[in-house]
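Here's the structure we're looking at; comments come further down.
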Amino acid sequence: PDAHLIVGANRRLQLSQLPPLHFCRPSGDRLFESLATTFGPRAIAVILTGTGRDGAAGAQILRRHGGTVIVQDPPTAEFLGMPKAALEAGAVDRVLPLAEIARALESLAVSGEPV
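So the sequence shown is residues 68 to 182, counted in the numbering used here.
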């Protein structure tokens with residue numbers, strides 16, 4: 068839909084009609100920022116294949132709040148713009164091929180430990 072997906076004050080996902088951010092709506096940056104402010108160090112973000120820089124600024128915010136950012140390894144991405152932008156921003160804890168991301172998320176969920 069033409070809306071942002073964010074985490075609301077009630078800690079539930081909701082749609083938002085905030086203006087586009089950097090011409091994007093929905094925006095990964097808005098989602099990651101809302102995750103960071105709501106869940107802090109318990110937040111986990113994953114940036115997958117995509118064009119542009121969406122998600123990089125939000126990933127920086129999420130990391131400043133102690134959260135974890137996993138990025139798809141750019142050579143395994145169909146479009147490397149978004150993963151590359153997050154890496155260039157220094158906003159990444161772990162770089163993994165797509166096939167390994169689910170296992171890493173499961174490990175984080177079970178252990179509760181940062182990556």
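Note that the Cβ used here is the ideal one computed from N, Cα and C, for glycine as well.
All figures in this text were calculated on a predicted structure; none of them were measured in a lab.
By the Cβ neighbour-count rule, E100 is buried, with 16 or more other Cβ atoms within 10 Å of its own. DSSP places R161 in the uninterrupted beta strand (DSSP E) bounded by R161 to L163. Boundaries around A124 are those of the alpha helix (DSSP H), A123 to R131, since no beta strand (DSSP E) includes it.
Using a Cβ-Cβ distance cut-off of 8 Å, the stretch 78-89 and the stretch 150-167 are not in contact, since fewer than three pairs of beta carbons, one from each stretch, lie closer than that value.
When C-beta atoms of the stretch 140-154 are compared with those of the stretch 96-110, fewer than three pairs fall below 8 Å, so the two segments do not count as touching. DSSP places A156 outside both helix and strand once states are collapsed to three, so it counts as coil. The C-beta distance from A166 to G122 rounds to 20 Å, too long to fall under 8 Å, and the pair is not in contact.
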